[in-house]
Amino acid sequence: MPEISIIVPVLNEATGLEMFLRQFSRWREEGDEVIVVDGGSDDASFAIAQLYSERVISSVRGRAIQLNAGAQAASGNILWFVHADTKIAPGIRDKLIKACSEEHSWGRFDVAIEDCSTIFRVIEMAMNVRSRITGIATGDQGIFVRRGWFNRAGGFRPIALMEDIELSKGLRRQSRPRCLGRLIKTSSRRWRVHGIVKTISMMWFLRLAWFLGASPDWLAQIYGYGKS
7 MPEISIIVPV LNEATGLEMF LRQFSRWREE GDEVIVVDGG SDDASFAIAQ LYSERVISSV
67 RGRAIQLNAG AQAASGNILW FVHADTKIAP GIRDKLIKAC SEEHSWGRFD VAIEDCSTIF
127 RVIEMAMNVR SRITGIATGD QGIFVRRGWF NRAGGFRPIA LMEDIELSKG LRRQSRPRCL
187 GRLIKTSSRR WRVHGIVKTI SMMWFLRLAW FLGASPDWLA QIYGYGKS
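Under this note's numbering, the residues of the sequence shown are numbered 7 to 234, in order.
Rendered as structure tokens:
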């Protein structure tokens, strides 16, 4: 039985998917499994994933739905949910296993954005301080959790957006998250494509609207999930 199941939701990620999945070659040699959940890609994502993972699942599009499908298919004791634009540092595997003790059965990493501009250091700091204060983790921070805790929290709510925040709330009732530091990097592509100021403003607006009770479907449309 695998110790860790790496669960990756994808949608048209063919450009960088092979390089991303190759990072887990040693993990697979250790007996871990990589599960890629494709949400209906119309590029080569599915074919590439078949070459570098134990299992590729076709799913209805939607991050929460895809992540739950991956978790249901997983065999590992530890579930690690990772975005396909993430780069991982050496030594993470042992740290994950050690972190998922009975006392700390879930956690995250500090976010690090792969961009040399100073503004991204400020964004990183704000995101990480917020997570430390609130005990809430986002998908970019590589949420990991023991299977039993994930099941007790009810998995990801099948909503169009904010599924990571809702899962964190459920897990936080059992324990505060463990933070493993800046060991993963995420792409700056969303900020670069949509504009840094616009993206930051959008993120804060979405969180505030969610807190005030806005519909996740409406928020997803604003965020751009309704667009191909």
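Note that beta-carbon positions come from the ideal geometry of N, C-alpha and C, so glycine has one too. Values in this document were obtained by computation on a predicted structure and should not be read as measured data.
Buried or exposed: residue i, going by 16 or more other Cβ atoms within 10 Å of its Cβ?
i: His200; result: exposed
i: Asn157; result: exposed
i: Arg114; result: buried
i: Phe217; result: exposed
i: Pro164; result: exposed
i: Thr92; result: buried
i: Gln78; result: exposed
i: Ser221; result: exposed
i: Lys233; result: Below a pLDDT of 50, predicted positions are generally treated as unreliable, and Lys233, at 45, falls in that range; no measurement from the model is reported.
Below 8 Å on the Cβ atoms is my guess for residue i versus residue j; work out the distance and round it to an integer in Å.
i: Asn74; j: Phe162; result: 5 Å
i: Lys191; j: Ala118; result: 5 Å
i: Gly46; j: Leu27; result: At roughly 19 Å, the Cβ-Cβ gap does not stay under 8 Å, so Gly46 and Leu27 are not in contact.
i: Ala143; j: Ser174; result: 5 Å
i: Asp38; j: Ile10; result: 4 Å
i: Leu189; j: Tyr229; result: Leu189 to Tyr229, Cβ: 27 Å. No contact.
Per DSSP, which one or two residues make a beta bridge with residue i?
i: Cys122; result: DSSP, once it has assigned bridges, lists no residue as partnering Cys122.
i: Lys191; result: Lys93
i: Ile41; result: Ile13, Arg61
Can you give me the Cβ contacts of residue i inside the same chain, cut-off strictly under 8 Å, excluding the 5 residues immediately before and after it?
i: Gln180; result: Ser111, Trp112, Trp155, Arg158, Ala159
Output needed for residue i: all residues of its chain with C-beta closer than 6 Å, excluding positions within five of it in sequence on either side, in chain order.
i: Arg182; result: Gly141
i: Thr124; result: none
Might you give, ordered along the chain, the residues of its own chain that have their beta carbon closer than 7 Å to the beta carbon of residue i, omitting 5 neighbours on each side?
i: Val62; result: Val42, Asp44, Phe52, Ala55, Gln56
Task: 3 or more residues per run - each beta strand (DSSP E) lying fully within the segment 90-115 - done: 112-114
TODO: Please specify which runs of the alpha helix (DSSP H), each continuous and at least 4 residues long, are wholly inside the segment 127-178, giving them in chain order.
DONE: 153-158, 169-178
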